[in-house]
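Asks: Residue numbers (our numbering), protein chains in the order written: chain L, 1 to 309; chain A, 310 to 618. All C-beta atoms, glycine included, are put in the ideal place defined by N, C-alpha and C. Note that the structure is predicted; figures quoted are calculated from it, not measured. Have a look at this one before I ask anything.
Structure follows, in structure tokens:
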């Protein structure tokens, strides 16, 4: 898999790759697969609620990272698409539960009313539970041309990425920090490596595992994933200050109102941007060993730091 | 596995089996395994909340059914104990979320304050999510001496039992029926085959699958499990009327107060008891083909209809 002839790809040369078309094509594939994944049966209300949030748009970054990492190691879409969908189901579950009144109490998400605003709190809790459980069922049911051992590795990583060692653990510390202004960078890193980073890392690694990547490959991808995960969050914090609600599709300026500790609140805007760019450069460099094959993942890293929403 | 010499075991002869010792021994094994399954690490609060409900006692019926079904087909505890624990994690998750103010709004469970009363709604939602995700991770991480194919089958069934085709679907219809007095037996059956039945069935079948049971064996066990599942719920409804809060460890008479449709409200108490006994007899008969080896599972069926709490 390692192309020794490949030139070092720097942040500047990567932008030659047509990421816009790549993202558009992959997103269309993922959107269709998600639409197909969850037909409405009895009791209709819960399927409608699950579909409402699952199909509410979004960048589909996690599924695309999974598809891209699988392709990098010669894997096919048949191998990775079910896991790609499962990642989005899990991500959607976390958004539905995070938006609940008992949590972040948000009324808008992706430009639409949040799940509990549409269907009520009880259904929103259950829709999240249903999506989480279905993610695991779906991977087992739909994955093709992959050994059972590899599928089990993916299940393990999905479980860990959501649980107290991942998403849930990050959200707990995040809730705990609300209203506190003296949060250290270490605590902020803990929150985000768990709340955002763990699932992004699992997205990349699960795609690679399904394609049969080696331990060394997984190490390179871990470095890539951890760097883009943290950069992603720094940019999220920056956008919360600089972007409008229309651009974000969710309430803007929330962190300031909630007096939430963020990277810009600790480092300032300019330094935060610098740190994000540094992380992205490291992510890009972690994959130069794979040459042109890594262009899609490297371009995605660039996109994360340059995105406006 | 089929003992053709075995006499037909009727409900009366089964009671010779020392179920009390069996349940006590198995419960001790399960309680210890659950205690070991979830050490407290950082962030401590979420692990404490997860442990609070997971270790709050209970009959451990689902894990014991899993262990028992695995033994029936010559499987070992090493094979089934992780799945047994996962079943209890999932069951506990469903109790935590069902008790939330947005759902059944319960203050007591198993004689203790409910999770959200102890830790707050946000943590209770996250503790449920964490337990659900951990259940899948745990099965993959800890199961030994079982082929990956069988473990994947168990993961699939666990996912389906929790999701909209199981627990979640049953709870949605249950919430929908609240306050309605004209619920049909069909709707009541839908609620309970999903809300209670699906996970009980998965408990029995997953144990058998881990041990390598045949398709025919799984059919026999499905019949057994579906019958005890429905009987279990009928008895639950009866106990809600006849038992005291102290015996139940949760609020008694809730169904009456909530004007909830129950089997006794449709059939009356006596007929409900008869129907439960009939289901249990069918469950017992479904396993007579296995002779003495089926005594534990048959005795558990009897226990379900005779229990006082």
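Our contact map puts residue 467/A next to residue 537/A with C-beta atoms below 8 Å; I'd like the distance itself, whole angstroms only.
Replies: The count along the second chain starts at 1 and reaches residue 467/A at position 158. The count along the second chain starts at 1 and reaches residue 537/A at position 228. The pair is not a contact, with the Cβ atoms about 19 Å apart (cut-off 8 Å).
Asks: Suppose you measure from the CA of residue 437/A to the CA of residue 16/L; what does that come to, to the nearest Å?
Replies: Translated into the one-based positions of the second chain, residue 437/A becomes position 128. Translated into the one-based positions of the first chain, residue 16/L becomes position 16. So the two alpha carbons sit approximately 46 Å from each other.
Asks: Indicate the three-state DSSP secondary structure (helix, strand or coil) for residue 38/L in the structure shown.
Replies: Taking the first chain and counting its residues from 1, the one referred to as residue 38/L is at position 38. Coil, per DSSP.
Asks: Along the segment 422-448 of chain A, what residues have a CB closer than 9 Å to any CB found in chain L?
Replies: The segment 422-448 of chain A vs chain L, Cβ under 9 Å: 425, 429, 430, 431, 432, 433, 434, 435, 436, 437, 438, 439, 440, 441, 442, 443, 444, 445, 446, 447 and 448.
Asks: Looking only at its own chain, which residues have a Cβ that is under 7 Å from the Cβ of residue 506/A, when we skip the five neighbours before and after it?
Replies: Walking along the second chain from the start, residue 506/A turns up at place 197. The answer, listed in chain order, is 535, 538 and 539.
Asks: Rounded to whole angstroms, what's the CA-CA distance from residue 234/L to residue 268/L? Just pull it up for me.
Replies: As a working note, residue 234/L is residue 234 in the first chain. As a working note, residue 268/L is residue 268 in the first chain. Computed Cα separation, rounded: 11 Å.
Asks: From residue 573/A to residue 579/A, what does the alpha carbon distance come to, in whole angstroms?
Replies: Against the second chain, residue 573/A aligns to sequence position 264. Against the second chain, residue 579/A aligns to sequence position 270. Between residue 573/A and residue 579/A, the C-alpha separation is close to 8 Å.
Asks: Hey, out of 207/L, 218/L, 272/L and 166/L, whose CA is closest to residue 185/L's CA?
Replies: In the first chain, counting from the first residue as 1, residue 185/L sits at position 185. The candidate whose alpha carbon is nearest that of residue 185/L is 272/L.
Asks: In chain order, what residues of the same chain have a beta carbon less than 8 Å from the beta carbon of residue 209/L, not counting five sequence neighbours either side?
Replies: Indexing the first chain from 1 puts residue 209/L at position 209. Around residue 209/L: 150, 153, 154, 157 and 218.
Asks: Return the CA-CA distance between residue 32/L and residue 301/L, expressed in angstroms with no decimal places.
Replies: In the first chain, the residue the question calls residue 32/L occupies position 32. In the first chain, the residue the question calls residue 301/L occupies position 301. Cα-Cα distance, rounded: 24 Å.
Asks: Do residue 52/L and residue 115/L have their C-beta atoms within less than 8 Å of each other?
Replies: Counted from its first residue, the first chain places residue 52/L at position 52. Counted from its first residue, the first chain places residue 115/L at position 115. Yes. Within cutoff.
Asks: Following the continuous alpha helix (DSSP H) through residue 274/L, name the residue where it begins and the one where it ends.
Replies: Stepping through the first chain from its first residue, residue 274/L is reached at position 274. Taken as a continuous stretch (DSSP letters only), the alpha helix (DSSP H) holding residue 274/L covers 269-285.
Asks: Find out if the Cβ-Cβ distance for the pair residue 477/A, residue 397/A is shorter than 8 Å.
Replies: The sequence position of residue 477/A within the second chain is 168, counting from 1. The sequence position of residue 397/A within the second chain is 88, counting from 1. Taking 8 Å as the Cβ cut-off, residue 477/A and residue 397/A do not qualify as a contacting pair.
Asks: Classify residue 672/A as helix, strand or coil using the three-state DSSP reduction.
Replies: Coverage of chain A is limited to positions 310 through 618, which leaves residue 672/A absent and any answer about it impossible.
Asks: Pull up the distance between the alpha-carbon of residue 298/L and that of residue 72/L, whole angstroms please.
Replies: Here residue 298/L is taken as the residue at index 298 of the first chain, counted from 1. Here residue 72/L is taken as the residue at index 72 of the first chain, counted from 1. Going from the Cα of residue 298/L to the Cα of residue 72/L covers about 11 Å.
Asks: Starting from residue 97/L, find everything on chain A with Cβ-Cβ shorter than 7 Å and list it in chain order.
Replies: Against the first chain, residue 97/L aligns to sequence position 97. In chain order: 434 and 438.
Asks: Are the C-beta atoms of residue 46/L and some chain A residue less than 8 Å apart?
Replies: Within the first chain, the letter at position 46 stands for residue 46/L. Yes - at least one Cβ of chain A is within 8 Å of the one on residue 46/L.
Asks: At 7 Å on the CB atoms, spell out the chain L contacts of residue 620/A, in chain order.
Replies: The requested residue 620/A is not part of the displayed model; chain A covers only 310 to 618.
Asks: Does the beta-carbon of residue 546/A have 16 or more other beta-carbons within 10 angstroms, so that it is buried, or is it exposed?
Replies: Within the second chain, the letter at position 237 stands for residue 546/A. By the neighbour-count rule (16 or more Cβ atoms within 10 Å), residue 546/A is buried.
Asks: Using the Cα positions of residue 448/A and residue 195/L, report the straight-line distance between them to the nearest angstrom.
Replies: Stepping through the second chain from its first residue, residue 448/A is reached at position 139. Stepping through the first chain from its first residue, residue 195/L is reached at position 195. Each residue's Cα considered, the two are about 23 Å apart.
Asks: Whole angstroms is fine: what's the gap from residue 617/A's alpha carbon to residue 471/A's?
Replies: Here residue 617/A corresponds to residue number 308 of the second chain, with the count starting at 1. Here residue 471/A corresponds to residue number 162 of the second chain, with the count starting at 1. In a straight line, the C-alpha of residue 617/A is about 27 Å away from that of residue 471/A.
Asks: Would you please state the rounded distance, in angstroms, between the beta carbons of residue 392/A and residue 454/A? I believe it to be under 8 Å.
Replies: In the second chain, counting from the first residue as 1, residue 392/A sits at position 83. In the second chain, counting from the first residue as 1, residue 454/A sits at position 145. In fact, because the Cβ distance is near 13 Å, the residues do not count as touching under 8 Å.
Asks: If the cut is a Cβ gap below 7 Å, which residues of chain A does residue 163/L touch?
Replies: Start at 1 with the first residue of the first chain, and residue 163/L comes out as number 163. The contacting residues are 439, 442, 443 and 446.
Asks: Cβ closer than 9 Å: which chain L residues qualify as neighbours of residue 458/A?
Replies: Start at 1 with the first residue of the second chain, and residue 458/A comes out as number 149. Within chain L, the residues near residue 458/A are 148.
Asks: Output the distance between the C-alpha atoms of residue 64/L and residue 294/L, rounded to the nearest integer angstrom.
Replies: Taking the first chain and counting its residues from 1, one reaches residue 64/L at position 64. Taking the first chain and counting its residues from 1, one reaches residue 294/L at position 294. Each residue's alpha carbon lies about 13 Å from the other.
Asks: Check distances from the C-beta atoms of the segment 199-233 of chain L to those of chain A and list, in chain order, the residues that come in under 8 Å.
Replies: Here the close residues number zero.
Asks: Run the CB neighbour count on residue 171/L, radius 10 Å, all protein chains shown included, and call it buried at 16 or more, exposed below.
Replies: To locate residue 171/L, count along the first chain from 1; it is residue 171. With 16 or more other Cβ atoms within 10 Å, it is buried.
Asks: Going by DSSP, which residues form a beta bridge with residue 417/A?
Replies: Sequence index remark: in the second chain, residue 417/A carries index 108 (1-based). Note: residue 417/A sits in a beta bridge opposite 422/A.
Asks: List the residues of chain A that residue 100/L touches, going by C-beta distances under 7 Å, in chain order.
Replies: Here residue 100/L refers to the residue found at position 100 of the first chain. Chain A residues near residue 100/L: 434.
Asks: Could you pull the start and end residues of the alpha helix (DSSP H) that residue 215/L belongs to?
Replies: Walking along the first chain from the start, residue 215/L turns up at place 215. 215-242 is the span of the alpha helix (DSSP H), which, as asked, contains residue 215/L.
Asks: Helix, strand or coil for residue 157/L, going by three-state DSSP, please let me know.
Replies: For the purposes of this step, residue 157/L is taken as residue 157 along the first chain, with counting starting at 1. Correct three-state label for residue 157/L: helix.
Asks: Interface residues of chain D around residue 172/L at Cβ under 8 Å?
Replies: Absent from the structure is chain D; the protein chains it does hold are L and A.
Asks: Would you tell me roughly how many angstroms separate the C-alpha atoms of residue 18/L and residue 204/L, rounded to the nearest one?
Replies: Numbered from its first residue, the first chain carries residue 18/L at position 18. Numbered from its first residue, the first chain carries residue 204/L at position 204. Cα-Cα distance, rounded: 20 Å.
Asks: Could you name the residues of the same chain whose beta carbon sits closer than 7 Å to that of residue 443/A, not counting the 5 residues immediately before and after it, in chain order?
Replies: In the second chain, the residue the question calls residue 443/A occupies position 134. These residues qualify, in order along the chain: 398.
Asks: Could you pull the start and end residues of the alpha helix (DSSP H) that residue 597/A belongs to?
Replies: As a first step, residue 597/A is located in the second chain; it is residue number 288 there, counting from the start. From DSSP, residue 597/A is part of no alpha helix (DSSP H); its letter is neither H nor E.
Asks: Alpha carbons only, please: which of 529/A, 375/A and 614/A is nearest the one belonging to residue 599/A?
Replies: The residue labelled residue 599/A in the question sits at position 290 within the second chain. Out of 529/A, 375/A and 614/A, 529/A has the C-alpha closest to the C-alpha of residue 599/A.
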